[in-house]
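For reference, the structure is listed below as structure tokens.
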């Protein structure tokens, strides 16, 4: 699964287990053995918040989500400007590479009878 763009609001909901809309409900029931990528688009001011950093840590370390880094967050001059989500091409290639790796691991797991 790919979530792009992921806002600060949705990140907070996912990291804290809320399921009050379609996205958060689907993610809450997502099979954790399957890859889930997210591409944040968050303002520089919100990105630097300790809350955002803790939520990123929860998504990555607790839930196993894979972050596709924003572009330009350090270069933005206005703290209120929108964070630049990675380009569509970069997102697509990152997810494709990750899926190839996941499928290779599944093929290896099938021969060893480990569930994928």
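Residue numbers (the UniProt record's numbering): 1 to 116. Positions of the beta carbon are idealized from the N, C-alpha and C atoms, including for glycine.
Asked: Are three or more beta carbon pairs between the segment 87-106 and the segment 12-21 nearer than 8 Å?; Found: no
Asked: Determine the DSSP secondary structure at residue 39, reduced to helix, strand or coil.; Found: strand
Asked: Pair every Cβ in the segment 46-55 with every Cβ in the segment 90-98, then say whether three or more of these pairs are closer than 8 Å.; Found: no
Asked: Compare the C-beta of residue 104 with all C-beta atoms of chain B and state if any pair is closer than 8 Å.; Found: Here there is only one protein chain, and chain B is not present.
Asked: From what residue to what residue does the alpha helix (DSSP H) around residue 86 run?; Found: Neither: residue 86 is in no alpha helix (DSSP H) and is coded neither H nor E.
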